[in-house]
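Okay, so here's the structure we're looking at.
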Amino acid sequence: MLDDIKEVLISEEQIAQKVKELGQILSEEYRDKNPLVICVLKGAALFMTDLIKHMDIHLEMDFMDVSSYGNRTESSGEVKIIKDLNTTVQGRHVLIVEDIIDSGLTLKYLVDLLRHRKAKSVKIVTLLDKPHRRKVDLKPDLTGFEVPDEFVVGYGLDYAEKYRNLPFIGVLKPEVYTSE
Ligand code: PRP
Ligand code: MN
Ligand code: MG
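Numbering (this note's numbering), first residue to last: 74 to 253.
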């Protein structure tokens with residue numbers, strides 16, 4: 074598996090340090106607000122579980138799984154719910170946790186949905202951001218790292234469902250995705 078990686082973009086230590094910083098910021102932001110922290114499956118699973126360990130406040134967690142209709146590169150912005158929340162969001166402070174924002178279509182849909190369900194507030198924390206790839210106007214409230222437009226995997230991020238278990242963010246060798 075490791076020989077499919079061209080370079081380590083963000084090390085395990087750099088991730089840990091950043092996740093701790095973000096957790097501390099969010100603790101202050103959400104103290105006494107009992108936020109509903111939403112993990113967008115599957116990519117955000119590792120980030121979310123590490124992040125909440127640095128939030129020394131009352132919070133609840135929930136999970137949502139969504140996918141774009143059809144070809145991602147020609148996505149209409151329509152998103153299908155694979156697994157919905159178990160929690161009622163009306164009146165709740167909601168924090169969406171994402172691994173990466175690319176076109177912004179996934180999060181645009183989710184933010185609109187949660188507002189429609191009358192969340193008291195909706196904010197976004199993302200570990201990684203590719204702001205130059207944006208197709209819709211969508212800005213996270215907190216970002217760990219901006220990354221270049223390369224094929225990044227690891228720490229939750231996949232290529233064809235693989236590499237999510239890498240402890241760092243790496244760049245995939247081009248031959249891995251051109252040989253298929
Ligand atoms: C990836 C990533 C984000 C989304 C970002 O998820 O984890 O959720 O795409 O892309 P966007 O900004 O263009 O919408 P994916 O749909 O691959 O599912 P996964 O998290 O299960 O890998
Ligand atoms: Mn995802
Ligand atoms: Mg994916």
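For every residue, glycine included, the Cβ atom is placed at its ideal position computed from N, Cα and C.
- When DSSP reads this structure, residue 135 sits in a beta bridge with 111.
- Annotation for residue 169: the continuous beta strand (DSSP E) segment containing it runs 166 to 174.
- Within the region 191 to 229, the complete beta strand (DSSP E) segments of 3 residues or longer fall at 194 to 202 and 215 to 219, listed in chain order.
- Look at residue 252 here: in three-state DSSP terms it is coil, with no helix or strand label.
- Ranked by Cα distance from residue 165, the options 94, 187 and 230 are led by 187.
- Take the alpha-carbon of residue 198 and the one of residue 248: they are about 32 Å apart.
- By the CB criterion at 8 Å, residue 109 and residue 128 fall outside the cutoff.
- Measuring C-alpha to C-alpha distances from residue 227 to each of 160, 124, 246 and 237 identifies 237 as the nearest.
- By DSSP's assignment, residue 245 forms a beta bridge with 78.
- Residue 229 is positioned such that its CB atom lies no closer than 8 Å to that of residue 136.
- Around the C-beta of residue 103, 16 or more other C-beta atoms lie within 10 Å, and the residue is accordingly described as buried.
- Within the same chain, 127 come within 7 Å of residue 93 by CB-CB distance, once the 5 residues on both sides are set aside.
- For residue 191, same chain residues with a beta-carbon under 8 Å away, outside a window of 5 residues either side, are 162, 163 and 164 in chain order.
- In the structure shown, residue 141 falls within a strand segment according to DSSP collapsed to helix, strand and coil.
- Taking C-alpha positions only, residue 218 is separated from residue 152 by approximately 25 Å.
- Counting the other Cβ atoms within 10 Å of the Cβ of residue 75 gives fewer than 16, which makes it exposed.
- Setting aside the 5 residues that flank it on each side, residue 215 is surrounded in the same chain by 95, 98, 99, 196, 197, 198 and 199, each with a C-beta closer than 8 Å to its C-beta; the list follows chain order.
- Sequence-distant partners of residue 138 (beyond 5 residues in either direction) whose C-beta falls short of 8 Å from its own C-beta, in its chain, are 113, 114, 115, 154, 155 and 156.
- For residue 125, the enclosing alpha helix (DSSP H) stretches over residues 118 to 125.
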